[in-house]
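Have a look at the structure below before the remarks.
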């Protein structure tokens, strides 16, 4: 019995021992499996996914902050700053550090900046370690935010673009976006040169969450943008804009353009547009007003296109200035294939006209007859040689090439229509460049506005050079055209552009506007383009008005007076060009005596002799009381550099007369509008 019990006890002990061992083995296996899983997970984390978790860790204690490059400044040809930068505060956030206070931040910013709370909450719930909340904050707003007590708020200094001359040259200069990238005008055209390259710095968070730059992490300093020097003269730009605005208001026009070119080089000196805009508020204007219409908009030039008709006829000896044509008493019907014809009219009824007279009175009928002599191929070739139908590549984005169909696409009346500027689309800059070729003795120059690129320390990186495109016409034809266009101003439709004592050549243009497939009655484009002085042209000026609605609508009555007002001021604007007759030259007193009242002849000679002796003694002459033009002449002859402030008569000068002089010395003339002295040559 006892033995039996002992056996049972032994068997039970063995069973318990076996169960324990099994359980122990299972526990060991579980531990091994768990340990294996841990090891595998560690291998995955430490080796296989190490880069992933390293990046997560870095995001928790590191932040990469962009160091914005300073955008280069824009200058006019005289070094006047047009656009530059000012440092201004922007507000960003680190959502991870701000996670406990996002609703408070959103509520504060919503109240101050007037945006919905959800706008800020969406940003603050981002997975990024850096989000912008408000860019380029006004100081008044910034003072309402207690930045030191908002966890996760990042305060940064950013450059903001500033345009110092407000509405002056607004469309020309354009603007930048919130990130200082060019989006219009010069800012867009030369963005690659201006923008520079952003840098960055890596910040490390300490135990309290404060961001500090780490010396152990990379830093890339920004490379600032280069400065851009334009061919534009802000003084001339201001004159052009002022007179254009006055002309548009007087003639109740919808808008207008003025272009000033240097014909020998192709430099654009001014490019005015009305209505003007302020680049500081560029986004507040509609797209139509933002466009630089001188390069983006097409118009039918009307009689301005007679430059092509006259050039082709004279170059190919089809006409002489005295060749006569019958002007059909103002109405001429041109027949075409299929029985369709076109009625061509003149503003007035004319009978027989010489070619020169026809140009002076702007006869469409005579030009149509001349075009028949020229023929389609020659007319088309001359149009293309002047650059019509091809972009000028002046340097602005959005420039259009115009519309000039090939002869195979012409109807039976296209040639006649082209002869006086219809069935062709041109840009204002193309017209100015074409007339500049005549002023430049037949040589077409590429227009340009980008004069120089310079590094931060002022070193020249790149500089533009005048670029010849082609000889459009011979020099002899160009001289004939100069005389022809001078006659337009002296005796013809361009008479309102006339300035006594200054030889001006030009052409008027008036065309009906083509709107939605038809020529709209009572809507016109009125233009005048001219250059001066004829004997040595220094300025080409195009004035164009969009739909003048005053008592007169022609180019001669609306745009030519604006040309004259601009030209009169340019004549007084420092030595832009050589003195022209009938102005005096000290060495030989070349003003004809008949141009002076007899009682003043002797007095004039004595005065000029005194000035001559002053030059010989190398001292500064006294030009007080002189007209601006005469003072400029006297100083230029004496190898001084006159700088004019004001207009009219010289009332004072700096330095004063009698002081020792050096060649090229600058003399500032302070002028006031007084009655012109009787000694002033006219």
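In the numbering used here, the protein residues as written are 143 to 824. Glycine is no exception: its CB is placed at the ideal position from the N, C-alpha and C atoms.
Just reading off the beta strand (DSSP E) that residue i is part of, what are its end residues?
i, result
"residue 450", "Counting along the chain, residue 450 falls outside any beta strand (DSSP E), though it belongs to the alpha helix (DSSP H) covering 448-457."
"residue 687", "681-688"
"residue 432", "From DSSP, residue 432 is part of no beta strand (DSSP E) but of the alpha helix (DSSP H) over 429-432."
"residue 249", "Run containing residue 249: none in the beta strand (DSSP E); it sits in the alpha helix (DSSP H), 244-255."
"residue 801", "Careful: residue 801 lies outside any beta strand (DSSP E) and carries neither H nor E."
Hey, how far is the Cα of residue i from the Cα of residue j?
i, j, result
"residue 701", "residue 214", "37 angstroms"
"residue 589", "residue 572", "9 angstroms"
"residue 583", "residue 301", "48 angstroms"
"residue 333", "residue 339", "11 angstroms"
"residue 237", "residue 277", "17 angstroms"
"residue 259", "residue 252", "5 angstroms"
"residue 307", "residue 713", "24 angstroms"
"residue 773", "residue 780", "11 angstroms"
"residue 311", "residue 801", "40 angstroms"
"residue 256", "residue 249", "10 angstroms"
"residue 313", "residue 293", "43 angstroms"
"residue 580", "residue 794", "40 angstroms"
"residue 618", "residue 523", "19 angstroms"
"residue 634", "residue 626", "10 angstroms"
"residue 592", "residue 642", "35 angstroms"
"residue 267", "residue 176", "37 angstroms"
"residue 796", "residue 376", "23 angstroms"
"residue 515", "residue 521", "10 angstroms"
"residue 733", "residue 777", "Here residue 733 scores only 29 on pLDDT, less than 50, and its place in the model should not be relied on; the value that follows carries that caveat. Cα to Cα, residue 733 sits roughly 16 angstroms from residue 777."
"residue 787", "residue 807", "16 angstroms"
"residue 551", "residue 585", "29 angstroms"
"residue 261", "residue 275", "9 angstroms"
"residue 298", "residue 233", "6 angstroms"
"residue 185", "residue 173", "18 angstroms"
Round the Cβ separation of residue i and residue j to the nearest angstrom and send it over; I've been treating them as touching at under 8 angstroms.
i, j, result
"residue 208", "residue 342", "5 angstroms"
"residue 328", "residue 373", "That pair is no contact at about 11 angstroms."
"residue 570", "residue 399", "5 angstroms"
"residue 568", "residue 443", "5 angstroms"
"residue 670", "residue 577", "Going by Cβ atoms, the distance from residue 670 to residue 577 rounds to 11 angstroms, so no, they are not a contact pair."
"residue 403", "residue 378", "Actually they are not in contact, since the Cβ atoms of residue 403 and residue 378 sit about 11 angstroms apart, beyond 8 angstroms."
"residue 587", "residue 615", "Contact flag wrong, Cβ pair sits at about 14 angstroms."
"residue 305", "residue 225", "5 angstroms"
"residue 335", "residue 370", "6 angstroms"
"residue 769", "residue 650", "The Cβ separation is near 29 angstroms, so there is no contact."
Hey, could you find the ends of the alpha helix (DSSP H) residue i is sitting in?
i, result
"residue 526", "518-527"
"residue 229", "That residue, residue 229, is in no alpha helix (DSSP H); its beta strand (DSSP E) goes 223-235."
"residue 378", "376-393"
"residue 619", "617-633"
"residue 437", "435-438"
"residue 701", "697-713"
"residue 570", "570-581"
"residue 315", "312-315"
Using beta-carbon positions only, say whether residue i and residue j come within less than 7 angstroms of one another.
i, j, result
"residue 387", "residue 416", "yes"
"residue 704", "residue 685", "yes"
"residue 562", "residue 445", "yes"
"residue 366", "residue 598", "yes"
"residue 687", "residue 707", "no"
"residue 273", "residue 235", "yes"
"residue 206", "residue 296", "no"
"residue 785", "residue 810", "yes"
"residue 518", "residue 560", "no"
"residue 631", "residue 640", "yes"
"residue 830", "residue 331", "Here the chain covers residues 143 to 824 and nothing more, so residue 830 does not appear."
"residue 129", "residue 575", "In the structure as shown, the chain starts at 143 and stops at 824, and residue 129 therefore has no counterpart that could be examined."
"residue 698", "residue 636", "yes"
"residue 309", "residue 228", "no"
"residue 283", "residue 320", "no"
"residue 495", "residue 512", "no"
For chain D, check one thing: does any of its Cβ atoms lie closer than 7 angstroms to the Cβ of residue i?
i, result
"residue 681", "Of the protein chains in this structure there is only one, and it is not chain D."
Would you say the stretch 435-443 touches the stretch 590-608, given that touching needs at least three Cβ pairs under 8 angstroms? no
Is the number of C-beta pairs between the stretch 610-625 and the stretch 451-466 that are closer than 8 angstroms three or more? yes
Determine, using beta-carbon pairs with one atom in the stretch 531-551 and one in the stretch 500-507, whether at least three such pairs fall under 8 angstroms. no
Given 8 angstroms as the limit, is there contact between the stretch 366-386 and the stretch 650-664, that is, 3 or more CB pairs closer than that? no
Can at least three beta-carbon pairs, one atom from the stretch 487-498 and one from the stretch 440-451, be found at a separation below 8 angstroms? no
So, do the stretch 672-681 and the stretch 470-477 have three or more beta carbon pairs nearer to each other than 8 angstroms? no
Should the stretch 419-431 be regarded as contacting the stretch 687-705, the criterion being three or more beta carbon pairs within less than 8 angstroms? no
Flag this pair as touching only if the stretch 211-229 and the stretch 241-254 have three or more C-beta atom pairs under 8 angstroms; answer yes or no. no
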